[in-house]
Amino acid sequence: MTAATGDTATSTLSIRDSRRLVIKIGSALLADDDGNLQIDWIDALVADAAELRRAGTEIIIVSSGAIAVGRRLLGLARGPRNRVLRLEESQAAAATGQVRLAHAWQDALARYDVPVAQILLTTEDTEDRRRYLNARSTIATLLKLGVIPVINENDTVATEEIRFGDNDRLAARVAQMVSADTCVILSDIDGLYTADPGQNSGASHVAQVHAITPEIEAMAGATSNEDGSGGMVTKIEAARIALQAGCRLAIGDGRIAQPLRAFDGDATCTWFIPQGEPQTARKRWIAASLNPVGTLVVDAGAAKALVAGKSLLPAGMVRVEGGFERGDPVIVRDEAGAELARGLSAYSSDDADRIRGLKSSETEAVLGYRGREEMIHRDDLVLS
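Numbering (our numbering), first residue to last: 743 to 1126.
Here's what the structure looks like:
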(Lines of atoms letter the chains of each structure in order from A and count residues from 1; the text may use other names and numbers.)
(Lines give C-alpha, C1' and ligand atoms only; values in the text may rest on other atoms or scores of the structure.)
Protein backbone atom coordinates (compact mmCIF):
# COMPACT_ATOMS: atom_id res chain seq x y z
CA MET A 1 0.00 0.00 0.00
CA THR A 2 1.40 3.40 -0.92
CA ALA A 3 1.64 6.14 1.64
CA ALA A 4 -0.45 8.58 -0.40
CA THR A 5 -3.13 8.17 -3.02
CA GLY A 6 -5.11 10.50 -5.20
CA ASP A 7 -4.20 13.62 -7.10
CA THR A 8 -7.55 15.33 -6.70
CA ALA A 9 -9.41 15.51 -3.64
CA THR A 10 -12.87 14.42 -3.48
CA SER A 11 -12.97 11.75 -0.82
CA THR A 12 -15.62 9.05 -0.59
CA LEU A 13 -15.04 8.77 3.16
CA SER A 14 -17.66 10.20 5.50
CA ILE A 15 -17.74 11.56 9.05
CA ARG A 16 -21.36 10.48 9.46
CA ASP A 17 -20.35 6.98 10.49
CA SER A 18 -18.11 8.33 13.28
CA ARG A 19 -18.79 6.99 16.75
CA ARG A 20 -16.73 9.66 18.53
CA LEU A 21 -15.61 12.75 16.61
CA VAL A 22 -13.02 15.37 17.61
CA ILE A 23 -13.37 18.67 15.72
CA LYS A 24 -10.41 21.07 15.78
CA ILE A 25 -11.06 24.68 14.76
CA GLY A 26 -8.29 27.15 13.99
CA SER A 27 -8.07 30.74 15.20
CA ALA A 28 -8.36 32.14 11.67
CA LEU A 29 -11.81 30.57 11.36
CA LEU A 30 -13.15 31.69 14.74
CA ALA A 31 -11.99 35.30 14.74
CA ASP A 32 -11.36 37.92 12.07
CA ASP A 33 -8.18 39.99 11.79
CA ASP A 34 -9.46 42.40 14.45
CA GLY A 35 -10.20 39.62 16.96
CA ASN A 36 -13.98 39.69 16.52
CA LEU A 37 -15.66 36.31 16.81
CA GLN A 38 -17.26 34.98 13.62
CA ILE A 39 -20.64 34.28 15.24
CA ASP A 40 -22.45 33.35 12.00
CA TRP A 41 -19.74 30.82 11.16
CA ILE A 42 -19.89 29.32 14.67
CA ASP A 43 -23.67 29.01 14.39
CA ALA A 44 -23.37 27.18 11.06
CA LEU A 45 -20.77 24.78 12.42
CA VAL A 46 -22.89 24.10 15.51
CA ALA A 47 -25.85 23.28 13.26
CA ASP A 48 -23.75 20.56 11.62
CA ALA A 49 -22.45 19.28 14.98
CA ALA A 50 -25.96 19.12 16.44
CA GLU A 51 -27.16 17.14 13.43
CA LEU A 52 -24.33 14.63 13.85
CA ARG A 53 -25.05 14.40 17.58
CA ARG A 54 -28.72 13.64 16.96
CA ALA A 55 -27.61 10.81 14.67
CA GLY A 56 -25.60 9.28 17.51
CA THR A 57 -22.09 10.71 17.11
CA GLU A 58 -20.35 11.94 20.27
CA ILE A 59 -18.80 15.36 19.64
CA ILE A 60 -15.70 16.95 21.17
CA ILE A 61 -14.60 20.43 20.05
CA VAL A 62 -10.99 21.64 20.28
CA SER A 63 -11.28 25.39 19.91
CA SER A 64 -8.51 27.89 19.26
CA GLY A 65 -9.09 31.63 19.28
CA ALA A 66 -8.74 32.67 22.93
CA ILE A 67 -5.63 34.81 22.45
CA ALA A 68 -6.92 36.38 19.23
CA VAL A 69 -10.18 37.39 20.91
CA GLY A 70 -8.60 38.36 24.22
CA ARG A 71 -5.99 40.71 22.79
CA ARG A 72 -8.77 42.78 21.20
CA LEU A 73 -10.76 42.89 24.45
CA LEU A 74 -7.66 44.04 26.35
CA GLY A 75 -6.68 46.64 23.76
CA LEU A 76 -3.48 44.82 22.85
CA ALA A 77 -3.75 45.97 19.26
CA ARG A 78 -1.33 44.59 16.73
CA GLY A 79 -0.17 48.00 15.57
CA PRO A 80 1.68 48.81 12.36
CA ARG A 81 4.35 46.18 12.98
CA ASN A 82 1.90 43.45 13.98
CA ARG A 83 3.99 42.90 17.11
CA VAL A 84 4.17 39.55 18.86
CA LEU A 85 2.75 39.55 22.39
CA ARG A 86 5.03 38.94 25.36
CA LEU A 87 4.35 35.73 27.30
CA GLU A 88 2.51 37.50 30.12
CA GLU A 89 0.42 39.43 27.59
CA SER A 90 -0.50 36.22 25.76
CA GLN A 91 -1.51 34.63 29.05
CA ALA A 92 -3.64 37.64 29.97
CA ALA A 93 -5.24 37.65 26.53
CA ALA A 94 -5.95 33.92 26.78
CA ALA A 95 -7.56 34.30 30.22
CA THR A 96 -9.85 37.03 28.91
CA GLY A 97 -10.57 35.44 25.55
CA GLN A 98 -11.40 32.03 27.01
CA VAL A 99 -14.38 33.51 28.84
CA ARG A 100 -15.72 35.17 25.69
CA LEU A 101 -15.08 32.05 23.63
CA ALA A 102 -16.82 29.77 26.13
CA HIS A 103 -19.88 32.02 26.14
CA ALA A 104 -19.99 31.98 22.34
CA TRP A 105 -20.01 28.16 22.25
CA GLN A 106 -22.54 28.03 25.06
CA ASP A 107 -24.90 30.46 23.31
CA ALA A 108 -24.63 28.67 19.97
CA LEU A 109 -25.23 25.17 21.35
CA ALA A 110 -28.02 26.34 23.67
CA ARG A 111 -30.22 26.80 20.61
CA TYR A 112 -30.09 23.01 20.23
CA ASP A 113 -30.48 22.34 23.98
CA VAL A 114 -26.95 20.98 24.13
CA PRO A 115 -24.98 21.64 27.35
CA VAL A 116 -21.32 22.69 27.11
CA ALA A 117 -18.27 22.15 29.33
CA GLN A 118 -14.89 23.85 29.06
CA ILE A 119 -11.67 21.88 29.61
CA LEU A 120 -8.20 23.47 29.55
CA LEU A 121 -5.19 21.20 29.05
CA THR A 122 -1.39 21.34 28.83
CA THR A 123 1.01 18.72 27.54
CA GLU A 124 1.60 17.59 31.12
CA ASP A 125 -2.08 16.67 31.39
CA THR A 126 -1.73 14.24 28.48
CA GLU A 127 1.71 12.85 29.29
CA ASP A 128 1.46 12.31 33.05
CA ARG A 129 -0.40 9.03 33.45
CA ARG A 130 -2.66 10.03 36.34
CA ARG A 131 -3.55 13.41 34.84
CA TYR A 132 -4.19 11.64 31.55
CA LEU A 133 -6.60 9.19 33.19
CA ASN A 134 -8.36 11.96 35.12
CA ALA A 135 -8.85 14.03 31.96
CA ARG A 136 -9.96 10.96 30.01
CA SER A 137 -12.47 10.02 32.71
CA THR A 138 -13.86 13.56 32.87
CA ILE A 139 -14.37 13.78 29.11
CA ALA A 140 -15.96 10.31 28.98
CA THR A 141 -18.36 11.24 31.78
CA LEU A 142 -19.34 14.49 30.05
CA LEU A 143 -20.05 12.62 26.82
CA LYS A 144 -22.12 10.05 28.69
CA LEU A 145 -24.18 12.89 30.18
CA GLY A 146 -24.82 14.38 26.73
CA VAL A 147 -22.43 17.31 27.10
CA ILE A 148 -20.16 18.61 24.33
CA PRO A 149 -16.72 19.34 25.81
CA VAL A 150 -14.95 22.39 24.37
CA ILE A 151 -11.19 22.00 24.87
CA ASN A 152 -8.36 24.47 24.52
CA GLU A 153 -4.73 24.62 25.55
CA ASN A 154 -4.39 26.17 29.00
CA ASP A 155 -2.50 29.20 27.71
CA THR A 156 -3.08 31.12 30.96
CA VAL A 157 -0.54 28.97 32.84
CA ALA A 158 1.43 27.15 30.15
CA THR A 159 5.01 28.18 29.53
CA GLU A 160 7.11 27.03 26.61
CA GLU A 161 8.24 23.76 28.16
CA ILE A 162 4.70 22.54 28.86
CA ARG A 163 2.96 23.90 25.77
CA PHE A 164 1.59 22.08 22.79
CA GLY A 165 2.12 25.33 20.90
CA ASP A 166 -0.77 24.52 18.60
CA ASN A 167 -4.18 22.92 18.83
CA ASP A 168 -3.60 20.50 15.94
CA ARG A 169 -1.49 18.23 18.11
CA LEU A 170 -3.75 18.88 21.09
CA ALA A 171 -6.74 17.64 19.06
CA ALA A 172 -4.88 14.48 18.08
CA ARG A 173 -3.83 13.85 21.69
CA VAL A 174 -7.44 14.29 22.81
CA ALA A 175 -8.58 11.86 20.10
CA GLN A 176 -5.96 9.39 21.33
CA MET A 177 -6.98 9.95 24.95
CA VAL A 178 -10.69 9.23 24.42
CA SER A 179 -10.26 6.52 21.74
CA ALA A 180 -12.03 8.62 19.12
CA ASP A 181 -12.38 7.03 15.71
CA THR A 182 -12.37 10.32 13.75
CA CYS A 183 -10.58 13.66 14.10
CA VAL A 184 -11.31 16.57 11.77
CA ILE A 185 -9.02 19.60 11.48
CA LEU A 186 -10.76 22.62 10.00
CA SER A 187 -8.24 25.06 8.60
CA ASP A 188 -7.69 27.67 5.90
CA ILE A 189 -6.46 25.02 3.46
CA ASP A 190 -8.31 22.07 1.96
CA GLY A 191 -5.72 19.43 2.79
CA LEU A 192 -2.22 18.26 1.94
CA TYR A 193 -0.52 19.11 -1.35
CA THR A 194 2.66 17.73 -2.87
CA ALA A 195 4.09 21.26 -2.56
CA ASP A 196 2.92 24.66 -1.34
CA PRO A 197 0.07 25.49 -3.78
CA GLY A 198 0.58 29.19 -3.11
CA GLN A 199 4.09 29.01 -4.49
CA ASN A 200 3.92 26.09 -6.90
CA SER A 201 1.16 26.02 -9.51
CA GLY A 202 2.00 22.39 -10.29
CA ALA A 203 1.25 21.18 -6.75
CA SER A 204 -1.19 18.27 -6.61
CA HIS A 205 -3.71 17.59 -3.88
CA VAL A 206 -3.35 14.35 -1.91
CA ALA A 207 -6.70 12.72 -1.18
CA GLN A 208 -5.59 9.91 1.15
CA VAL A 209 -2.50 9.14 3.21
CA HIS A 210 -1.87 5.70 4.76
CA ALA A 211 1.49 6.31 6.46
CA ILE A 212 3.60 9.29 7.52
CA THR A 213 6.74 8.83 5.43
CA PRO A 214 9.65 11.24 4.79
CA GLU A 215 7.97 12.01 1.47
CA ILE A 216 4.78 13.08 3.24
CA GLU A 217 6.75 15.13 5.79
CA ALA A 218 8.54 16.93 2.96
CA MET A 219 5.21 18.16 1.61
CA ALA A 220 4.50 20.21 4.76
CA GLY A 221 5.14 23.96 5.02
CA ALA A 222 5.16 26.63 7.74
CA THR A 223 2.61 29.19 8.92
CA SER A 224 2.77 32.96 9.03
CA ASN A 225 -0.34 33.26 11.20
CA GLU A 226 0.54 34.90 14.51
CA ASP A 227 -2.46 33.80 16.55
CA GLY A 228 -2.64 30.30 15.19
CA SER A 229 0.72 28.58 15.55
CA GLY A 230 -0.07 25.57 13.41
CA GLY A 231 0.56 25.13 9.70
CA MET A 232 0.85 21.91 7.71
CA VAL A 233 3.88 20.77 9.73
CA THR A 234 1.85 20.49 12.92
CA LYS A 235 -1.06 18.92 11.04
CA ILE A 236 1.22 16.16 9.79
CA GLU A 237 2.46 15.65 13.35
CA ALA A 238 -1.16 15.51 14.52
CA ALA A 239 -1.91 12.94 11.84
CA ARG A 240 1.00 10.82 13.05
CA ILE A 241 -0.42 10.81 16.59
CA ALA A 242 -3.90 9.97 15.30
CA LEU A 243 -2.72 7.13 13.08
CA GLN A 244 -0.76 5.59 15.95
CA ALA A 245 -3.98 5.68 17.98
CA GLY A 246 -6.00 4.01 15.24
CA CYS A 247 -7.95 7.22 14.59
CA ARG A 248 -8.56 8.52 11.07
CA LEU A 249 -7.89 12.22 10.60
CA ALA A 250 -9.17 14.62 7.95
CA ILE A 251 -7.91 18.08 7.01
CA GLY A 252 -10.38 20.33 5.24
CA ASP A 253 -11.16 23.95 4.44
CA GLY A 254 -13.29 25.43 7.21
CA ARG A 255 -13.89 28.80 5.60
CA ILE A 256 -17.11 27.64 3.95
CA ALA A 257 -20.47 27.70 5.71
CA GLN A 258 -21.36 24.44 7.47
CA PRO A 259 -17.93 22.91 6.81
CA LEU A 260 -18.68 19.59 8.52
CA ARG A 261 -21.45 18.88 6.04
CA ALA A 262 -18.97 19.41 3.22
CA PHE A 263 -17.03 16.31 4.30
CA ASP A 264 -20.00 14.27 3.09
CA GLY A 265 -20.31 16.16 -0.16
CA ASP A 266 -17.87 16.97 -2.93
CA ALA A 267 -15.52 19.18 -0.91
CA THR A 268 -11.79 18.72 -1.29
CA CYS A 269 -10.00 17.31 1.77
CA THR A 270 -7.22 14.92 2.81
CA TRP A 271 -7.89 11.78 4.84
CA PHE A 272 -5.20 10.04 6.89
CA ILE A 273 -6.22 6.38 7.22
CA PRO A 274 -4.98 4.18 10.12
CA GLN A 275 -4.21 0.49 9.90
CA GLY A 276 -6.08 -0.50 13.08
CA GLU A 277 -9.13 0.36 15.18
CA PRO A 278 -8.84 2.75 18.16
CA GLN A 279 -9.29 0.08 20.79
CA THR A 280 -6.83 -2.24 19.08
CA ALA A 281 -4.23 0.51 19.02
CA ARG A 282 -4.83 1.46 22.66
CA LYS A 283 -4.51 -2.11 23.88
CA ARG A 284 -1.40 -2.59 21.81
CA TRP A 285 0.05 0.48 23.55
CA ILE A 286 -0.81 -0.93 26.98
CA ALA A 287 0.70 -4.32 26.17
CA ALA A 288 3.93 -3.11 24.56
CA SER A 289 4.80 0.25 26.05
CA LEU A 290 4.28 0.01 29.79
CA ASN A 291 6.50 -1.43 32.52
CA PRO A 292 4.28 -3.04 35.19
CA VAL A 293 5.04 -1.91 38.75
CA GLY A 294 2.79 -4.31 40.67
CA THR A 295 0.84 -7.55 40.54
CA LEU A 296 -2.76 -8.53 41.25
CA VAL A 297 -3.35 -12.20 42.01
CA VAL A 298 -6.88 -13.40 41.20
CA ASP A 299 -8.99 -16.46 41.88
CA ALA A 300 -10.21 -18.99 39.32
CA GLY A 301 -13.54 -17.23 38.81
CA ALA A 302 -11.90 -13.92 38.00
CA ALA A 303 -9.42 -15.65 35.69
CA LYS A 304 -12.28 -17.23 33.77
CA ALA A 305 -14.08 -13.87 33.54
CA LEU A 306 -10.97 -12.16 32.13
CA VAL A 307 -10.61 -14.76 29.39
CA ALA A 308 -14.27 -14.14 28.53
CA GLY A 309 -13.54 -10.42 28.00
CA LYS A 310 -14.79 -9.12 31.35
CA SER A 311 -13.30 -6.45 33.59
CA LEU A 312 -11.42 -7.34 36.76
CA LEU A 313 -13.53 -6.68 39.85
CA PRO A 314 -12.27 -6.34 43.45
CA ALA A 315 -14.18 -9.49 44.44
CA GLY A 316 -11.89 -11.64 42.32
CA MET A 317 -8.61 -10.43 43.85
CA VAL A 318 -6.87 -12.59 46.45
CA ARG A 319 -3.53 -10.79 46.81
CA VAL A 320 -1.81 -7.49 45.95
CA GLU A 321 1.95 -7.38 45.39
CA GLY A 322 4.19 -4.34 44.95
CA GLY A 323 3.52 -0.66 45.44
CA PHE A 324 1.66 1.35 42.80
CA GLU A 325 -0.66 4.29 42.37
CA ARG A 326 -3.92 4.77 40.53
CA GLY A 327 -3.31 4.55 36.78
CA ASP A 328 -0.10 2.56 37.08
CA PRO A 329 0.40 -0.55 34.91
CA VAL A 330 0.12 -3.90 36.71
CA ILE A 331 0.28 -7.62 35.88
CA VAL A 332 -2.65 -9.92 36.64
CA ARG A 333 -1.69 -13.48 37.62
CA ASP A 334 -3.61 -16.56 38.70
CA GLU A 335 -2.87 -18.27 42.01
CA ALA A 336 -0.41 -20.61 40.29
CA GLY A 337 1.67 -17.63 39.17
CA ALA A 338 0.75 -17.68 35.48
CA GLU A 339 0.42 -14.24 33.86
CA LEU A 340 -3.12 -13.66 32.61
CA ALA A 341 -3.17 -10.02 31.59
CA ARG A 342 -1.72 -6.54 31.94
CA GLY A 343 -3.62 -3.35 32.53
CA LEU A 344 -4.02 0.02 34.24
CA SER A 345 -5.11 -0.12 37.88
CA ALA A 346 -8.04 2.05 38.96
CA TYR A 347 -6.78 2.03 42.56
CA SER A 348 -3.49 2.38 44.42
CA SER A 349 -1.92 -0.75 45.91
CA ASP A 350 -2.97 0.29 49.43
CA ASP A 351 -6.60 0.77 48.43
CA ALA A 352 -6.57 -2.35 46.28
CA ASP A 353 -5.40 -4.40 49.25
CA ARG A 354 -8.20 -2.97 51.40
CA ILE A 355 -10.98 -3.86 48.95
CA ARG A 356 -9.71 -7.19 47.59
CA GLY A 357 -12.37 -9.87 47.86
CA LEU A 358 -15.17 -7.34 48.33
CA LYS A 359 -18.19 -6.74 46.15
CA SER A 360 -18.06 -3.46 44.24
CA SER A 361 -21.03 -2.20 46.27
CA GLU A 362 -19.02 -2.67 49.49
CA THR A 363 -15.90 -0.71 48.58
CA GLU A 364 -17.24 2.78 49.37
CA ALA A 365 -17.82 1.90 53.01
CA VAL A 366 -14.24 0.66 53.35
CA LEU A 367 -12.46 3.42 51.41
CA GLY A 368 -14.62 6.35 52.41
CA TYR A 369 -15.17 7.40 48.81
CA ARG A 370 -16.91 6.04 45.75
CA GLY A 371 -14.39 4.81 43.21
CA ARG A 372 -14.76 2.78 40.05
CA GLU A 373 -16.62 -0.51 40.19
CA GLU A 374 -13.78 -2.24 38.35
CA MET A 375 -10.25 -2.77 39.60
CA ILE A 376 -9.20 -2.81 35.93
CA HIS A 377 -11.77 -1.94 33.28
CA ARG A 378 -11.69 -4.18 30.23
CA ASP A 379 -10.86 -1.16 28.06
CA ASP A 380 -7.65 -0.81 30.10
CA LEU A 381 -6.83 -4.55 30.09
CA VAL A 382 -4.89 -6.69 27.63
CA LEU A 383 -4.79 -10.48 27.89
CA SER A 384 -1.26 -11.93 27.91
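Yeah, the Cβ is synthetic: ideal placement off N, Cα and C, and Gly gets one too. In this text the structure is predicted, and so the values were computed from the model without any measurement.
Pick helix, strand or coil for THR1037, following the three-state DSSP scheme. Walking along the sequence shown from the start, residue 1037 turns up at place 295. Here THR1037 sits in strand by DSSP.
Tell me, please, whether the segment 1010-1017 touches the segment 1025-1040 by the rule of three or more beta-carbon pairs shorter than 8 Å. No: the two stretches stay apart, fewer than three of their Cβ pairs being nearer than 8 Å.
Beta-carbon separation of LEU1125 and LEU1054 under 8 Å? Position 383 of the sequence shown holds residue 1125. Position 312 of the sequence shown holds residue 1054. Not in contact: LEU1125 and LEU1054 (Cβ atoms no closer than 8 Å).
Under three-state DSSP, which class holds ALA751? Residue mapping note: residue 751 aligns to position 9 of the sequence shown, counting from 1. Low per-residue confidence applies at ALA751: pLDDT is 41, beneath 50, and the placement is therefore not dependable, though the value from the model is reported in the following sentence. Correct three-state label for ALA751: coil.
Distance, Cα to Cα, ALA917 vs GLY807? The residue you call residue 917 lines up with position 175 of the sequence shown. The residue you call residue 807 lines up with position 65 of the sequence shown. Roughly 20 Å separates the two Cα atoms.
Tell me, which residues are paired with PRO891 by DSSP? Translated into the one-based positions of the sequence shown, residue 891 becomes position 149. Beta-bridge pairing links PRO891 to ALA859.
Would you tell me roughly how many angstroms separate the C-alpha atoms of TYR935 and MET961, rounded to the nearest one? Counting from one through the sequence shown, the residue named residue 935 turns up at place 193. Counting from one through the sequence shown, the residue named residue 961 turns up at place 219. If I take the Cα positions, the gap works out to 7 Å.
Looking at LEU829 and ARG813, is the spacing between their C-beta atoms short of 8 Å? Residue 813 sits at position 71 when you count from the first residue of the sequence shown. Residue 829 sits at position 87 when you count from the first residue of the sequence shown. No.
Same chain only: Cβ atoms within 8 Å of ILE809, ignoring 5 sequence neighbours per side: As a position in the sequence shown, residue 809 is number 67, starting the count at 1. Result list for ILE809: SER769, LEU827, SER832, ALA835, ALA836, GLY839, ASP897, ASP969, in chain order.
DSSP bridge partner residues for GLY1085 (one or two, in chain order): Reading the sequence shown from its first residue, position 343 is the one you call residue 1085. VAL1072, LEU1123, per the DSSP bridge assignment.
Integer-rounded CB distance, given that ASP923 should sit under 8 Å from SER760: Here residue 760 is taken as the residue at index 18 of the sequence shown, counted from 1. Here residue 923 is taken as the residue at index 181 of the sequence shown, counted from 1. The Cβ separation is near 6 Å, so the contact holds.
Just mark THR1022 as buried or exposed, buried being the case when its beta carbon has 16 or more other beta carbons within 10 Å. Here residue 1022 corresponds to residue number 280 of the sequence shown, with the count starting at 1. Answer is exposed; the Cβ neighbour count stays below 16.
Between the segment 1078-1087 and the segment 1111-1126, do at least 3 Cβ pairs fall closer than 8 Å? yes
Going by other Cβ atoms of all chains shown within 10 Å of its Cβ, with 16 needed for buried, is TYR1111 buried or exposed? Position 369 of the sequence shown, counted from the first residue, corresponds to residue 1111. The residue in question, TYR1111, is exposed, as its Cβ has fewer than 16 Cβ neighbours within 10 Å.
Could you name each continuous alpha helix (DSSP H) segment of 4 residues or more that falls completely within the segment 948-1005, going from the start of the chain to the end? Counting only runs of 4+ residues, the alpha helix (DSSP H) found wholly inside the segment 948-1005 occupies 956-960, 974-986, 1001-1004, in chain order.
Sort out for me which residues DSSP pairs THR924 with in a bridge. As a first step, residue 924 must be located in the sequence shown, where it is residue number 182. DSSP, once it has assigned bridges, lists LEU763, ARG990 as partnering THR924.
By the DSSP assignment, the beta strand (DSSP E) with GLY800 in it spans what residues? Numbered from its first residue, the sequence shown carries residue 800 at position 58. In the sequence on display, residue 800 carries Glu and not Gly. It spans 800-805 - the beta strand (DSSP E) in which GLU800 sits, taken as one unbroken run.
Out of LEU763, ASP1092, GLN848, which one is the CA nearest neighbour of SER781? Within the sequence shown, residue 781 is the residue found at index 39, counting from 1. Looking at the sequence shown, residue 781 is not Ser but Ile. Of LEU763, ASP1092, GLN848, the residue nearest in Cα terms is GLN848.
What span of residues does the alpha helix (DSSP H) with GLU866 cover, start to end? Counted from its first residue, the sequence shown places residue 866 at position 124. Where GLU866 is concerned, the enclosing alpha helix (DSSP H) stretches over 865-869.
Rounded separation between ASP1095 and TYR874 - CA only: Residue 1095 sits at position 353 when you count from the first residue of the sequence shown. Residue 874 sits at position 132 when you count from the first residue of the sequence shown. Between ASP1095 and TYR874, the C-alpha separation is close to 24 Å.
DSSP has MET1059 in a bridge; who is on the other side? Here residue 1059 refers to the residue found at position 317 when the sequence shown is read from its first residue. Answer is VAL1040, bridged to MET1059.
Run through DSSP, which three-state label would ALA834 get? Here residue 834 is taken as the residue at index 92 of the sequence shown, counted from 1. The three-state secondary structure of ALA834, taken from DSSP, is helix.
Closest to VAL764 by C-alpha separation, out of PRO956, VAL856, THR880, ILE927, would be which residue? The sequence position of residue 764 within the sequence shown is 22, counting from 1. Checking every option, the nearest Cα to that of VAL764 belongs to ILE927.
Taking DSSP as the reference, what is the three-state secondary structure of ILE1118? Taking the first residue of the sequence shown as 1, we reach residue 1118 at position 376. Of the three classes helix, strand and coil, the one that applies to ILE1118 here is strand, per DSSP.
Close-in-space but distant-in-sequence residues of the same chain around ASP1070 (CB under 6 Å, 5 per side omitted): Locating residue 1070 in the sequence shown gives position 328, where the first residue counts as 1. The answer, listed in chain order, is VAL1035, SER1087.
Under 8 Å: do the segment 936-944 and the segment 855-874 share three or more Cβ pairs, one atom per stretch? no
Per-residue burial, ALA797 [other beta carbons within 10 Å of its own, 16 or more giving buried]: Locating residue 797 in the sequence shown gives position 55, where the first residue counts as 1. ALA797 counts as exposed, since fewer than 16 other C-beta atoms from the protein chains shown sit within 10 angstroms of its C-beta.
Which two residues bound the contiguous alpha helix (DSSP H) that contains ILE1097? For this step, residue 1097 is matched to residue 355 along the sequence shown. Run containing ILE1097: 1091-1097, per the alpha helix (DSSP H) assignment.
Within 10 angstroms of its Cβ, does GLN950 collect 16 or more other Cβ (buried), or is it exposed? Against the sequence shown, residue 950 aligns to sequence position 208. So GLN950 counts as buried.
ALA789 by DSSP, collapsed to three states: which one? Your numbering for residue 789 matches position 47 in the sequence shown. DSSP places ALA789 in helix when its eight states are reduced to three.
With burial defined as no fewer than 16 other Cβ atoms inside 10 Å of the residue's Cβ, what is the status of LYS1101: buried or exposed? Reading the sequence shown from its first residue, position 359 is the one you call residue 1101. LYS1101 should be labelled exposed.
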